[in-house]
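For reference, the structure is listed below as structure tokens.
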Amino acid sequence: MQLFLDGIFLGSIYALFAIGFTLVFGILDRLNLAHAAVFTAGALVGIEIVTRFGVPIWLLIPIVLIVGAVLGILIERIAFRPLAGRHDAHFAGLISSIAFGAILLSLLQALYGADTRRFPPGAFPRARLEILGATVSLLQVIILVISVTLMVVLTWLVAKSKLGRGMRTIAENPHAAAVLGLNVGRISSTTFALSSALGAVAGVLFTLNVNAASLGIGHAVELKALAVIVVGGMGSLPGALVGGLILGLAEVLAVNYIGSSWRDMVAFGLLFLILILRPQGLFGARKTREV
Amino acid sequence: MLLEYTSLITLIALTAILAFSFYAVLIAGQLSLAQLGLASLAAFTSSLVVPAEPLFGFIPPLAVGIVFGMSVGVIAAFILGLPVIRLRGVFLAIATLAFGEMVRIFLINQTWTNGAQGMGFPKLVGIEIAWIALVVVAYWFWRLSGSRMGRAFAAIREDELAATTMGIDVARYRMASFVIAGAVAGLYGVLLAYFSRFADPNEFSFTAAVDGLVTAVVGGVTLFVGPILGSVFLSVLPELQRVLGVNAGWIRPTISGVLLLVVILFLPGGLSGLIPRRKSAKRLITDPAVRPDLPPLASPGTELVSLQGLGKSYGGVHAVRSVDLTVNAGEILGLIGPNGAGKTTLVNMVTGLTPPSTGTGVVLGTSLTSGTKAHRLAQAGIARTFQQIKLFNRLSALENVMVGGYRITRDTMLRRLLFLPSARRFEREAVAMASAQLIRVGLGDKAATAAGDLSYGDQRRLEIARALASHPSLLVLDEPAAGMNHVEAGLLSELIRSLATDGIAVLVIEHNVRMMLATCDRIMVLNFGEVIAAGKPADIARDPNVLEAYLGSSGSDADADAASELAAADLAAVTAESPREHPDVPDGTPARGEAAGPGDQANPSTATEPEDNR
């Protein structure tokens, strides 16, 4: 039971990161590799805000959401929009988002240095609960509630709201969407803003969970998020949620039964198998080409 | 002075070799991140076989390591390629990335590699060996770029489906590029380990793979020097900042990041895009003596296509039901019918792109089954054009047509490596063949223009030239006149007739009924997947079933009756005039021609929609 809960907590953070990742891929067909840098930025900025102003957690999350959204808009404007219409937009977008991520990380280094940073002691409640014989901290429960809430809100937004309809139209055919009078540029910006807002919050929650953040934390999570979105199906939001939970559980179980040195093998082995056996993932739809 | 930079200069060469490994897959339109995994496999396993003393007294230990490392790279790439080669784009990238990480974790957990502590290697590689290796690799890719294999890679990168219908075995070439990349990656791994005298599996990580990819893309894949330029740029940049006195810490990565962003945003072809390309592959060769000797086509009247009861259904929808059809050499068979009648599905079955659900068919001696490969049929002598134009947009018009000549030309890669005179002769033959086709369709003056920049009508003609370059026995044209005005359509009709005179069998789909009646020997009319009429053009024009299919139910409505009679008279008039050599219809008839068919709504705006699936 303890293992199961630990897996769920870890998995929900992976899922929150991955859902932003997969949102951009599903709707705009672009892989945004600056997402990991946004994750790191969310973590470090979150620590800075708490250290300096002592804000409580319920205020911290909205602030980080806004920081992430602003970063997302910058990524779209600087790294992706100038490439629109270029035949190599796929490759170029990968590289330009890597470049943006590198710049963001170096700026974070300038602001906060390269050392590992932590939240000040006593900033958050430390209460512990007993659930079905397992010990969990109040903080872990809060993390789970926040990430699940955000994912549900996002899924609802994409499925039901006018903005979501616009997004899905663009996913289907950006050219036709523009002809229909949709503001493709603005919807793309919003998509990036949402995606990065979730990425930044995932960074804060991850840091809350392990209470340590450094410049490198984004990279490890990025690789795992790739595994998550492939397992769940590229572009599928529920897929990212389920994929995240599966990966969280698989990792915790692997550490417990196989050993920590082989932990990452589980994620990548799973990823590889899924790609070979079912490339569209658990929840993805296969796209076919027309003649 | 120079000594101070020995290490930097050596690393430039090694990084360039790594970038060439990415280049090898990128030129075929594939994105693989397995390169570092292959390199580390090669590096660590080579330590098991490299002897301390020269082998047999004269083979240097490093040579053993290089040969072994490259073999490991090739074999591992092949084994990895078997399951992943069918993945595309981001999926391939992620699968190969997963492979790289799995190799890393595996090697870290082995005792013979010392795990994460790393492993020592003797120093066997210096600046000279690194640069010699780079020169050899660069030479190989230089000679590749102008060969038939190089053109096949470019074609696959631009449009896989079109490449298949040129007779290119896409799966084989994709695997070839994968294996070549594996060999280069193995070379890189061995050289790096024996240069830096130390290797730890964690150095061959995702981050390192991304660095290699960035180097290749910044350098650009349009020219073989791209990887070298990228390596120089990215290796020298930090060094330059150090010399200029820029502080270590955050400023250097910031400047590097900004410069990378600037290059990728403002130099679409990478750094090598700045170098003007040689024009030799854009010049026509019009000397008929240079053209290759071609095997004769089948004598007129030989049966080339024979379909019995061929049908295709998608779920419960019958796109094509039980079609019987024969096409003979030297004849023009027209296929008409309203939109959605199943015409394109039928020719997709004939060209092997769509497997039939029912019935049997033999095309150029190959029977149509679910296992029939489109490139095999193309090799047998089918060539086709597409309803939605599928050109290799970034290649010049001449290069497009040269790809079309894949079937009748020989691979020149090995000959070009050795600079054999025959390589030059074969390449000139390919250019001459392509030039003749370009001139035949009237695009002789546009040979150097990129296909994507041509006008719509010219793109249609270029597709025909590309199809003709394969010296086909059977030519399939899917709406060749769409978007053409009636003068252009007239010229096209003349061209089609002259092809039939040469002995080519032509199967043509077209909505321009007037042109079809004037061009074809026989016409078959499809509606809702069924043949509703077949025969000579004059009979088709009077067939009541055909008129009904085109004009809706005739009977109750007087207007429809009148329209139907008008159309019938119109069609009959055309056929009566001259079925053969009068394609060029004068005066303002297009308006009436359009009245003949609701299916005449060829829509250029959607048809030209670029569909870039990479």
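If you're matching them up, the sequences are chains A and B in order. In terms of this note's numbering, the first sequence opens at residue 4 and continues consecutively. In terms of this note's numbering, the second sequence opens at residue 1358 and continues consecutively. Ideal placement from N, C-alpha and C gives every residue a C-beta, glycine not left out.
Contacts that alanine 113(A) makes with chain B (C-beta to C-beta distance below 7 Å): Counted from its first residue, the first sequence places residue 113(A) at position 110. Ordered by position in chain B, the residues that pass the 7 Å Cβ test against alanine 113(A) are Trp1607.
Sequence ranges, alpha helix (DSSP H) only - wholly within the segment 1700–1772 of chain B, length at least 4: 1700–1707, 1731–1737, 1754–1761
Quick one: list the residues of chain B neighbouring glycine 272(A), beta-carbon separation under 7 Å, in chain order. Within the first sequence, residue 272(A) is the residue found at index 269, counting from 1. What glycine 272(A) touches in chain B: Met1459.
Taking glycine 238(A) as the reference, which of Leu1594(B), Phe1448(B), Ala1533(B), Met1506(B) has the closest Cα? Position 235 of the first sequence, counted from the first residue, corresponds to residue 238(A). Glycine 238(A) has its Cα closest to that of Phe1448(B), out of Leu1594(B), Phe1448(B), Ala1533(B), Met1506(B).
Once DSSP output is grouped into helix, strand and coil, what is the label at leucine 36(A)? As a working note, residue 36(A) is residue 33 in the first sequence. Here leucine 36(A) sits in coil by DSSP.
Within a Cβ cutoff of 8 Å, which residues of the same chain sit near leucine 197(A), ignoring the five residues on either side of it in sequence? Here residue 197(A) is taken as the residue at index 194 of the first sequence, counted from 1. Counting only Cβ-Cβ distances below 8 Å, and skipping sequence neighbours, we find Gly23, Leu26, Ala72, Gly75, Leu157, Leu160.
Taking 8 Å as the CB-CB limit, is arginine 89(A) close to chain B? For the purposes of this step, residue 89(A) is taken as the residue at position 86 of the first sequence. It does; some Cβ of chain B falls within 8 Å.
Looking at chain A, is there any beta carbon in it that lies within less than 8 Å of the beta carbon of proline 1610(B)? As a position in the second sequence, residue 1610(B) is number 253, starting the count at 1. Taking Cβ atoms only, chain A reaches closer than 8 Å to proline 1610(B), which makes this a yes.
Compare the beta carbon distance of isoleucine 16(A) and alanine 216(A) with 8 Å and say whether it is the shorter of the two. The residue you call residue 16(A) lines up with position 13 of the first sequence. The residue you call residue 216(A) lines up with position 213 of the first sequence. Not closer than 8 Å, so no.
Apply the 10 Å Cβ neighbour rule to aspartate 1835(B) and answer buried if 16 or more other Cβ atoms are within range, or exposed otherwise. Taking the first residue of the second sequence as 1, we reach residue 1835(B) at position 478. Classification for aspartate 1835(B): buried.
Endpoints, beta strand (DSSP E) assigned at asparagine 1884(B): The count along the second sequence starts at 1 and reaches residue 1884(B) at position 527. Run containing asparagine 1884(B): 1879–1884, per the beta strand (DSSP E) assignment.
When you compare only the Cα positions, how much space is there between alanine 1655(B) and asparagine 1685(B)? As a first step, residue 1655(B) is located in the second sequence; it is residue number 298 there, counting from the start. As a first step, residue 1685(B) is located in the second sequence; it is residue number 328 there, counting from the start. Straight-line Cα distance between these residues: approximately 9 Å.
Cβ atoms of glycine 1762(B) and alanine 1805(B): under 8 Å apart, would you say? Residue 1805(B) sits at position 448 when you count from the first residue of the second sequence. Residue 1762(B) sits at position 405 when you count from the first residue of the second sequence. It is not a contact, given that the beta carbons lie outside the stated cut-off.
Note down, in chain order, each residue of its chain lying with its Cβ closer than 8 Å to the Cβ of leucine 1721(B), except the 5 sequence neighbours on either side. The residue you call residue 1721(B) lines up with position 364 of the second sequence. Cβ neighbours of leucine 1721(B) beyond the five flanking positions: Leu1661, Val1662, Leu1734, Ala1737, Gly1738, Ile1739, Ser1830, Leu1831.
Could you check whether the Cβ of proline 1625(B) sits closer than 8 Å to any Cβ belonging to chain A? Indexing the second sequence from 1 puts residue 1625(B) at position 268. Interface residue, yes.
Leucine 1690(B) - containing alpha helix (DSSP H), residue span: Here the question's residue 1690(B) lines up with position 333 in the second sequence. Looking at the DSSP string, leucine 1690(B) is not in any alpha helix (DSSP H); the run it does join, the beta strand (DSSP E), is 1689–1693.
Any beta carbon of chain B sitting closer than 8 Å to that of aspartate 267(A)? Counting from one through the first sequence, the residue named residue 267(A) turns up at place 264. Cβ-Cβ to chain B under 8 Å: yes for aspartate 267(A).
Check the Cβ-Cβ distances between histidine 38(A) and every residue of chain B, and say whether any is below 8 Å. Walking along the first sequence from the start, residue 38(A) turns up at place 35. Judged by the 8 Å Cβ criterion, histidine 38(A) is not in contact with chain B.
Contacts around glycine 1801(B), its chain only, beta-carbon distance under 7 Å, and the 5 residues preceding and following it disregarded: The sequence position of residue 1801(B) within the second sequence is 444, counting from 1. Once the five neighbours on either side are set aside, the close Cβ partners of glycine 1801(B) are Leu1641, Leu1795.
Quick one: what's got a C-beta closer than 8 Å to glycine 1569(B)'s C-beta in the same chain, skipping five residues either side? On the second sequence, position 212 is the one that residue 1569(B) refers to. Around glycine 1569(B): Thr1372, Leu1375, Ala1376, Ser1378, Phe1379, Gln1392, Leu1393.
Determine the direct distance from the alpha carbon of histidine 1843(B) to that of arginine 1785(B), and round the result to whole angstroms. Here residue 1785(B) corresponds to residue number 428 of the second sequence, with the count starting at 1. Here residue 1843(B) corresponds to residue number 486 of the second sequence, with the count starting at 1. About 36 Å.
In chain A, which residues lie less than 9 Å from glycine 1446(B) when you measure between Cβ atoms? The residue labelled residue 1446(B) in the question sits at position 89 within the second sequence. Simply His93.
In chain order, what residues of the same chain have a beta carbon less than 6 Å from the beta carbon of glycine 1583(B), not counting five sequence neighbours either side? Indexing the second sequence from 1 puts residue 1583(B) at position 226. Gly1576, Gly1577, Gly1627, Ser1629.
Below 8 Å between beta carbons: does that hold for glycine 251(A) and glycine 242(A)? Looking up residue 251(A) in the first sequence gives position 248. Looking up residue 242(A) in the first sequence gives position 239. Their beta carbons are not under 8 Å apart, which means glycine 251(A) does not touch glycine 242(A) by this criterion.
Quick check: what's the CA-CA separation for arginine 1901(B) versus alanine 1838(B)? Here residue 1901(B) refers to the residue found at position 544 when the second sequence is read from its first residue. Here residue 1838(B) refers to the residue found at position 481 when the second sequence is read from its first residue. Here residue 1901(B) turns out to be proline, not arginine, going by the sequence shown. So the two alpha carbons sit approximately 26 Å from each other.
At the level of alpha carbons, what is the spacing between leucine 62(A) and leucine 1622(B)? Counting from one through the first sequence, the residue named residue 62(A) turns up at place 59. Counting from one through the second sequence, the residue named residue 1622(B) turns up at place 265. Computed Cα separation, rounded: 38 Å.
Relative to chain B, which residues along the segment 275–286 of chain A have a C-beta separation below 8 Å, given in chain order? Phe275, Leu278, Ile279, Pro282
Buried or exposed: where does proline 1645(B) fall if 16 or more other Cβ atoms within 10 Å of its Cβ makes it buried? By one-based count along the second sequence, residue 1645(B) stands at place 288. Per the 10 Å Cβ criterion, exposed.
Which same chain residues end up closer than 8 Å to valine 1567(B) when comparing Cβ atoms and leaving out the 5 residues on each side of it in sequence? As a working mapping, residue 1567(B) is identified with position 210 in the second sequence. Contacts found: Leu1390.
Can you check whether the C-beta of proline 85(A) is within less than 8 Å of a C-beta belonging to chain B? Looking up residue 85(A) in the first sequence gives position 82. Taking Cβ atoms only, chain B reaches closer than 8 Å to proline 85(A), which makes this a yes.
Going by DSSP in three states, glycine 238(A) sits in which element: helix, strand or coil? For the purposes of this step, residue 238(A) is taken as residue 235 along the first sequence, with counting starting at 1. In the structure shown, glycine 238(A) sits in coil (DSSP, three-state: anything other than H, G, I, E or B).
Please state whether the Cβ-Cβ distance between serine 1403(B) and phenylalanine 1425(B) is less than 8 Å. Walking along the second sequence from the start, residue 1403(B) turns up at place 46. Walking along the second sequence from the start, residue 1425(B) turns up at place 68. Yes, Cβ-Cβ distance for serine 1403(B) and phenylalanine 1425(B) is below 8 Å.
Got a sec? Which residues, its chain only, sit under 7 Å from leucine 1368(B) by beta carbon, not counting five neighbours each side? The sequence position of residue 1368(B) within the second sequence is 11, counting from 1. For leucine 1368(B), where only same-chain residues beyond five positions count, the Cβ hits under 7 Å are Ser1592.
Got a sec? Which residues, its chain only, sit under 7 Å from alanine 304(A) by beta carbon, not counting five neighbours each side? There is no way to answer for residue 304(A), as the model of chain A reaches only from 4 to 294.
DSSP three-state assignment for phenylalanine 12(A), whether helix, strand or coil: Working through the first sequence from its first residue, we reach residue 12(A) at position 9. Note: phenylalanine 12(A) maps to helix in three-state DSSP.
Can you name, in chain order, every residue of its own chain whose Cβ lies under 6 Å from the Cβ of valine 1798(B), other than the five neighbours on each side? In the second sequence, residue 1798(B) corresponds to position 441, counting from 1. Correct list, in chain order: Arg1818, Ile1821, Ala1822.
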